[in-house]
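Position in the sequence shown (first residue = 1) + 412 = the working numbering.
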Amino acid sequence: MDLEEKLLRSAAESKKHYTTPDNYFEEISQRVMATIEKEDALSSVSAGESISSTTLWVRLRPYLGLAAAFLLTIGIFRLFNYTRESIMEQRTQQKEEMMAKELSSEPISEQDYYEFLTSEYTEDFENNWLETSLYSH
413 MDLEEKLLRS
423 AAESKKHYTT
433 PDNYFEEISQ
443 RVMATIEKED
453 ALSSVSAGES
463 ISSTTLWVRL
473 RPYLGLAAAF
483 LLTIGIFRLF
493 NYTRESIMEQ
503 RTQQKEEMMA
513 KELSSEPISE
523 QDYYEFLTSE
533 YTEDFENNWL
543 ETSLYSH
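Here is the structure:
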């Protein structure tokens, strides 16, 4: 029986913790309404501040993404263009060096030189003559 008494006593003691204050249920609706009004006032003030900042971010976010993509695209094209130009310059320089070596080892006769000058002079003369004859008439 000693155990039963302890259980009954502990049950009675635990019920003490579950008592309600006086006039609790009579005033509960007033307290709930006051709490709701306070929360509404606080949420409307904080919502107004956060809405303006989030709407600005939400409105600017697609444009910032578009600008970032545009700049990234231009940067990639410039990188590839720079790389391609440097490769082309290297190839051109190599070709010029090879041609210079080939030409330097090949002797040019006076006759070849005169023929070259004559052909250049003839082409220039013909081009100038055509231009003057076209514009004079």
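For every residue, glycine included, the Cβ atom is placed at its ideal position computed from N, Cα and C.
Determine the direct distance from the alpha carbon of residue j to that of residue i, and round the result to whole angstroms.
i      : j      : result
Phe492 : Leu483 : 14 angstroms
Ser455 : Phe489 : 49 angstroms
Glu535 : Leu529 : 10 angstroms
Ser422 : Thr431 : 15 angstroms
Tyr494 : Leu468 : 38 angstroms
Ala512 : Thr544 : 37 angstroms
Glu508 : Asp524 : 21 angstroms
Thr553 : Gln506 : The requested residue 553 is not part of the displayed model; the chain covers only 413 to 549.
Thr447 : Glu425 : 33 angstroms
Glu532 : Arg496 : 34 angstroms
Ser498 : Met510 : 18 angstroms
Asn540 : Glu527 : 20 angstroms
Tyr475 : Lys450 : 38 angstroms
Arg443 : Ala481 : 55 angstroms
Val470 : Met500 : 46 angstroms
Alpha helix (DSSP H) segments (min. 4 residues) lying fully within the segment 452-510: none
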